[in-house]
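Okay, so the sequence shown: first residue is 8 according to my numbering, each after it adds one. A virtual CB, placed ideally from N, CA and C, is assigned to each residue, including glycine.
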Amino acid sequence: MNQTPTAGRSAILLLAHGTPDKLDEMAAYLDKVTGGRPMPQHVIEELQHRYAEIGLRNEPLPEGPPLTRWTLRQAEMLQEAMDTKVYVGMRNWHPYIADTVAQMKADGVTHARVLCLAPQNSRTSTGLYRRALESALDGAFTYDFIAGWADEPLLAQAFAEKLKPTLAEARATLGTQVPVVFTAHSVPCRTILATAGESSRPGAPVPADGIQNYGATSTPDLYPVEAKQTAARVASLVSLTDADWFFAFQSQGVAGAPWIGPTVEDTLKALAEEGHKGVVIQPIGFLCDHVEILYDIDIHFRDAARGLGMQLWRPESLNDSPTLVRAIEQVLARS
């Protein structure tokens with residue numbers, strides 16, 4: 008941060024997932040992600056391979072890994088815009104939420120506005136981050152927690168600003184309409200239906216629209232609904248018709264339990280079977296570059312599309328988008 012606002016008893020805390028700084032930290036990082044559940048060695052090695060493909064090495068990168076670098080940049084831009092001290096806490100790696108809370112307490116913070124950098128509210132993101140925050144606080148300061156902000160208009164505008172030039176390029180290259188697939192990170196079905204009885208849970212991934220039809224005994228996690236609503240807002244801003252765009256969940260985990268779908272892989276196959284020669288994929292659940300974008304989309308899905316006879320385009324990530332920062336500023340101003 009290059010600015011230290013005065014009268015700083017009030018502050019802003021941004022929460023994010025976290026990412027390892029170097030390849031040999033992968034096992035320790037995954038231990039944090041899984042809450043201590045052991046991961047097979049082949050899974051650790053596969054993830055090391057993916058991170059190596061996007062530039063991570065056995066020595067820390069001077070600029071830091073993409074997720075950390077862009078998150079800190081977003082915090083810096085927000086601090087400059089709001090003239091309020093902004094802190095960053097990560098759930099699964101440095102700077103850990105607990106360490107950031109300790110620093111805030113040492114700095115004399117008495118109240119914080121807390122926002123999770125995952126705009127669609129889910130037990131697997133917002134819920135876990137909030138619990139990590141509460142376990143670290145121990146009365147250090149009071150706070151207002153923003154549980155979700157997927158409905159902020161400027162968020163959709165930020166994604167639309169990135170999508171427009173890429174969509175225009177794809178259409179010009181192929182000389183025809185090109186379908187857009189909006190994506191968000193998949194989560195286990197058991198997360199969405201955490202209150203459902205075992206007998207009512209689906210036995211395979213299910214579309215977002217069907218999530219609430221499986222007998223949950225209380226309100227299911229609205230994450231897939233909010234994710235698709237974000238996609239619909241972006242589609243409207245770039246004048247896509249219902250026939251022009253699709254929604255899929257990406258980056259399903261290695262756990263044996265079913266994850267929600269439809270998957271990107273199945274969606275690409277369906278588009279190829281319909282005769283499409285190109286596709287634009289825009290992840291609307293991520294605010295900056297990280298492995299699920301730089302590897303899963305730019306490498307894995309692009310290779311899959313090529314194997315199906317299609318070109319694949321991806322808009323730039325939001326990263327240091329001024330419109331994204333304005334969106335966060337608006338959300339915080341209302342809290």
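Enclosing beta strand (DSSP E) for residue i [first to last residue]
i, result
"Val-241", "Here Val-241 belongs to no beta strand (DSSP E); instead the alpha helix (DSSP H) covers 230 to 244."
"Val-108", "Counting along the chain, Val-108 falls outside any beta strand (DSSP E), though it belongs to the alpha helix (DSSP H) covering 104 to 113."
"His-49", "Where His-49 is concerned, there is no enclosing beta strand (DSSP E), although the alpha helix (DSSP H) it sits in stretches over 48 to 60."
"Cys-123", "118 to 123"
"Gln-289", "285 to 290"
Beta-carbon proximity check, residue i vs residue j, cutoff 8 angstroms
i, j, result
"Leu-229", "Tyr-136", "no"
"Val-188", "Ile-267", "no"
"Ala-154", "Pro-126", "no"
"Leu-54", "Ala-167", "no"
"Ala-255", "Thr-190", "yes"
"Pro-186", "Asp-114", "no"
"Leu-85", "Val-95", "no"
"Glu-336", "Met-89", "yes"
"Ala-344", "Met-111", "Nothing about residue 344 can be read from this structure; the chain reaches only from 8 to 342."
"Leu-20", "Thr-107", "yes"
"Asp-28", "Gly-71", "yes"
"Gln-257", "Glu-299", "yes"
"Asp-296", "Gln-81", "no"
"Ile-288", "Thr-237", "no"
"Ala-177", "Thr-91", "no"
"Lys-169", "Leu-325", "yes"
Closest residue to residue i among the options (Cα-Cα distance)
i, options, result
"Pro-102", "Thr-91, Leu-74 and Val-116", "Leu-74"
"His-307", "Arg-57, Pro-231 and Lys-112", "Arg-57"
"Leu-278", "Gly-25, Gly-134, Gly-314 and Glu-70", "Gly-314"
"Thr-133", "Pro-227, Phe-152, Ser-324 and Gly-71", "Phe-152"
"Lys-171", "Phe-293, Trp-320 and Ile-19", "Trp-320"
"Leu-68", "Asp-38, Val-95 and Thr-26", "Thr-26"
"Val-271", "Ala-239, Val-108 and His-192", "His-192"
"Glu-233", "Leu-85, Ala-311 and Asn-128", "Asn-128"
"Ile-104", "Gln-81, Ser-142 and Ala-82", "Ser-142"
"Leu-24", "Leu-63, Thr-237, Ala-18 and Tyr-36", "According to the sequence displayed, residue 24 carries His and not Leu. It is Tyr-36."
"Ser-246", "Ala-175, Glu-281, Gly-292 and Glu-83", "Ala-175"
"Cys-196", "Ile-304, Pro-227, Arg-240 and Thr-173", "Pro-227"
"Pro-329", "Leu-63, Gly-62, Trp-77 and Gly-43", "Trp-77"
"Pro-269", "Gln-48, Gly-43, Ala-239 and Lys-235", "Lys-235"
Sequence-distant residues of the same chain with beta carbon closer than 8 angstroms to residue i, five excluded per side
i, result
"Arg-341", "none"
"Met-317", "Leu-275, Leu-278, Ala-279, His-283, Lys-284, Gly-285 and Val-286"
"Asp-31", "Asn-65"
"Phe-253", "Pro-186, Val-187, Val-188, Phe-189, Thr-274 and Leu-278"
"Thr-180", "Gly-285 and Gln-318"
"Met-33", "Pro-27, Ile-51, Leu-54, Gln-55 and Tyr-58"
"Tyr-150", "Leu-20, His-118, Ala-119, Arg-120, Val-121, Leu-140 and Leu-144"
Counterpart residues of residue i in DSSP-defined beta bridges
i, result
"Met-97", "Ala-23 and Tyr-103"
"Thr-270", "Phe-256"
"Trp-320", "Val-287"
"Ala-334", "Looking at the DSSP assignment, Ala-334 forms no beta bridge with any residue, so it has no partner."
"Thr-149", "His-118"
"Pro-195", "Trp-266"
"Val-188", "Phe-253 and Ile-288"
"Ser-328", "DSSP, once it has assigned bridges, lists no residue as partnering Ser-328."
"Ala-18", "Ala-119"
Residues of its chain near residue i, where Cβ-Cβ distance is below 6 angstroms and the 5 sequence neighbours each way are ignored
i, result
"Val-40", "Asn-99"
"Val-261", "Val-50"
"Thr-131", "Val-194 and Thr-198"
"Gly-204", "Because Gly-204 carries a pLDDT of 38, less than 50, the predicted location of this residue cannot be relied on, and no value is offered for it."
Where the alpha helix (DSSP H) through residue i begins and ends
i, result
"Gly-314", "309 to 314"
"Ser-298", "According to the sequence displayed, residue 298 carries Val and not Ser. Residues 298 to 301."
"Lys-169", "160 to 181"
"Leu-79", "73 to 89"
"Leu-135", "135 to 144"
"Ala-34", "33 to 40"
Neighbourhood of residue i by C-beta distance below 7 angstroms, restricted to the same chain and skipping five residues each side
i, result
"Glu-60", "Tyr-302 and Ile-306"
"Val-338", "Leu-122, Ile-153, Trp-156 and Glu-159"
"Ala-334", "Glu-159, Leu-161, Leu-162 and Ala-165"
"Ala-311", "Glu-272 and Leu-275"
"Ala-211", "Any answer about Ala-211 is weak, because its pLDDT of 37 lies below 50 and its placement is not dependable; what the coordinates show is given next. Excluding positions up to five away in sequence, the list reads Pro-265."
"Val-332", "Gln-81, Met-84, Leu-85 and Ala-88"
"Arg-309", "Leu-319"
Distance cut-off 7 angstroms: residue i Cβ against heavy atoms of the ligand COA
i, result
"Ala-175", "The ligand content of the structure shown is nil, which means the ligand COA is not present either."
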